[in-house]
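Chains as they are written, first to last, in the numbering used here: chain Z, 20 to 439; chain D, 20 to 439. Read the structure below first, then the notes.
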């Protein structure tokens, strides 16, 4: 894009001052980036996901829903119907907060599922729950503010928060949820703006908080001016055990919940939501408006039409059945092929199994060999904002066929044995 | 959402420490907001737009495309086709940068329309160009960084930038574009990260930069380490005069362009893009990933299918014809009914006419009376980040029928005459 015929095209009556060009170097150009961009690098997971688009590779690396279960025909029908019945409106700009009937649907579902009494005005539609994380950060975080994370934690959340340059404090996850004594001690020591938790089938660990732990965490938080950010993409995907109430149920006004249709209907739609009390949601709405005016109204309308014309519960029960089979298949393979001192956490729902290699074995080393044998996963190191627990790995089972799950685990088992 | 039966539900074996509750007051809660949220208020325009959803009101206030021209059937056909042919993929997660064929389409259109040679890798799909503004800010702005704005300027841009707390410097718009001596002087005096310009049929003023001014501005910018952010939502909507090259054409590597399908196809889709050199787009991509992973892949695929199966140019020529008729109708009405000393700028494209009331008349006062007579517009004051020019108003003609345009202008004329 060199300006061709540049000087020739200046009109004769135009005054152009020819200043001596300052030397603008590559370094100067790099200096233009905001400080927040200097610390971030192309995410490791993103690099890994590049491998996984190769169909030769058996990938346990992604976090993708099983595409065989997408309601393709139903979405096509909903698209046509909504355009036929309300086309002009469906293609126009709309309100920042999102389509009211969709927000009503979400509010009703919280009532049915969790007994939460929510006004649709406490719900804001976002581009997936990732944007919920971004808008929460935008609304609440000054540079240097404290954010408490589970350890390990969801990578997308670490990335979203990082852009606002907070100070992270990590607290270990035990098999029944966060280590509450450590949480209590941390909150006593200094102020934190946010505590970010994924209490159901956490990504990456698969861990769920026990009911007593939910109550205890809520009780601890009540004594502090810290906002709970409860991210709940997976609770609908419970295939064993008893459904548990969200932490939000035990807290009052300093609690935000993030939800999404990405895992229950389609991630491509990018429809998630923030549920927060009105004093918060008003400001979050302003942040949303400044960020992108509103979430695609077309997708909101198609989604609502789909939800109106189909039974979401029966659709979800198909997902649960499939994911249970896939989890069982992976666990059977792990039990059969992995050495006995490799441990893992058996999740009651969601998409991930968290594996710990015995002392000293490196999951990065395992990854580098595995990728040559056409098997991918995410080394656990990616999920720690604080101290890293080496030798951990996240295995996704939801987007791989049972046949390939067994084959992939077998190959990993051989490499692990070689590494001993 | 009081926690009902709260203490009763604690399992007997659970340890709950009952700390003395600190008094957490409303003030403490307000303190939780980030500083960036303390300066912002519910936007005035947003308040105005609430009025305009009332069908009784003749609204010149919005910036909405004419809904009668939306390609409803074609979008329905594209939705069905793409789901039928590639359903599983269409409903899955996808890459942050956006759908490659859509990025290729955009690159080719720049070549055809403006002679710009662009790689699809220099294009990132965003949720409308509003997100382009947010991601540009996120990637480049530290608190206190300098941003140069046209005066008046696009309100959505002021809002997006404001979230990153820059220092604004405004430079007056003349009828042929920005006042270049003032731009030159401003850039000599101190460093600025960004210069934000809407060179075609600007929102709110309808002003376009003359060709010589484009070249002059580019020449000035070349001597400074300042990034041009060229926002171009309207250039396709030119219905008179000669198309002019973008400023970007005269600059090399420190220039960003923002584009959108909101004005040419449908705003509901929220599909826009950033075109920036690779050294920038890599970082902007990271900011996008942290913000919402990717723009709805479903809408990207439907949009690309629509663009593949239909002739965008012939669709746009219908828009041009309609908007020209609507502009002419509004100008005829202004000429006929407004007092002679009310001046206005006649745009060669886009959606807005900028009106100046004669000395001393307040457009806010006019607004307050007009709204009682069921006519709405946006008082110009909303569009100034620096010194306000009172007595200005923005009139939108694209979303109102010719009959109502005439009636609305007549009513405004009566009120203006009463105010004399």
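A virtual CB, placed ideally from N, CA and C, is assigned to each residue, including glycine.
- Look at residue 178 (chain Z): its C-beta is under 8 Å from a C-beta on chain D.
- Residue pairing for residue 299 (chain Z): DSSP places it in no beta bridge.
- Within chain Z, the residues 287 have their CB atoms less than 7 Å from the CB of residue 316 (chain D), given in chain order.
- DSSP, reduced to helix, strand and coil, places residue 415 (chain D) within a strand of the structure shown.
- For residue 276 (chain Z), the enclosing beta strand (DSSP E) has its first and last residue at 274 to 279.
- Burial state of residue 427 (chain Z) is buried, judged by a 10 Å Cβ sphere holding 16 or more other Cβ atoms.
- Annotated three-state conformation of residue 178 (chain D) is helix, per DSSP.
- In the DSSP secondary-structure assignment, residue 247 (chain Z) is bridged to Z:214 and Z:274.
- Residues of the same chain with a CB within less than 6 Å of the CB of residue 66 (chain Z), apart from the 5 flanking positions on each side, do not exist.
- Non-local beta-carbon contacts of residue 82 (chain D) in its own chain, meaning distances under 7 Å to residues more than five positions away in sequence, involve 222, 370 and 415 in chain order.
- Annotation: residue 292 (chain Z) has no Cβ neighbours in chain D at a cutoff of 9 Å; minimum Cβ distance is about 13 Å.
- Looking only at Z:91, Z:399 and Z:170, the smallest Cα-Cα distance to residue 104 (chain D) is reached by Z:91.
- When the alpha-carbon of residue 206 (chain Z) is set against those of Z:184, Z:239, Z:171 and Z:232, the nearest one is in Z:239.
- For residue 291 (chain D), the uninterrupted beta strand (DSSP E) run begins and ends at 291 to 294, by DSSP.
- By the neighbour-count criterion, in which a residue is buried when 16 or more other Cβ atoms sit within 10 angstroms of its Cβ, residue 164 (chain D) is buried.
- Listed along the chain, the chain D residues whose CB falls inside 7 Å of the CB of residue 47 (chain Z) are 244.
- Of the candidates D:197, D:302 and D:227, D:302 places its Cα closest to the Cα of residue 52 (chain Z).
- For the options Z:153, Z:101, Z:134 and Z:57, the alpha carbon positioned closest to that of residue 308 (chain Z) is the one of Z:153.
- Not flagged as an interface residue toward chain Z: residue 249 (chain D), since no C-beta distance is shorter than 8 Å.
- Taking 8 Å as the cut-off, the beta carbon of residue 171 (chain D) is found closer than this to the beta carbon of residue 224 (chain D).
- Of all residues in the segment 96 to 111 of chain D, those with a C-beta nearer than 8 Å to a C-beta of chain Z are 98, 99, 102, 103, 106, 107, 108, 109, 110 and 111, reading in chain order.
- Using a Cβ-Cβ cut-off of 8 Å, residue 91 (chain Z) counts as an interface residue toward chain D, since at least one Cβ of chain D sits closer than that to its own.
- For residue 385 (chain Z), DSSP records no beta bridge to any residue.
- The C-alpha of residue 117 (chain D) is placed about 13 Å away from the C-alpha of residue 288 (chain Z).
- Residue contact check for residue 153 (chain D) against chain Z: a CB pair falls below 8 Å.
- Distance from residue 249 (chain D) to residue 274 (chain D) at the Cβ level is roughly 7 Å; contact confirmed, criterion being Cβ atoms closer than 8 Å.
- In the three-state reduction of the DSSP assignment, residue 98 (chain Z) falls in the helix class.
- In the displayed model, residue 363 (chain Z) falls within a strand according to three-state DSSP.
- Burial state of residue 215 (chain Z) is buried, judged by a 10 Å Cβ sphere holding 16 or more other Cβ atoms.
- Between the C-alpha atoms of residue 381 (chain Z) and residue 179 (chain Z) there is a straight-line separation of about 28 Å.
- Chain order gives the chain Z residues near residue 147 (chain D) as 311 and 312, where near means a beta carbon separation below 8 Å.
- Rounded to the nearest angstrom, the Cβ distance from residue 142 (chain Z) to residue 128 (chain Z) is 11 Å, too far for a contact under 8 Å.
- At the C-beta level, residue 133 (chain Z) and residue 296 (chain Z) stay beyond 8 Å of one another.
- Residues of chain D with a Cβ closer than 7 Å to the Cβ of residue 52 (chain Z) are, in chain order, 158, 159 and 302.
- With a cutoff of 8 Å on beta-carbon distance, residue 367 (chain D) and residue 291 (chain D) are scored as not near each other.
- Distance from residue 199 (chain D) to residue 232 (chain D) at the Cβ level is roughly 7 Å; contact confirmed, criterion being Cβ atoms closer than 8 Å.
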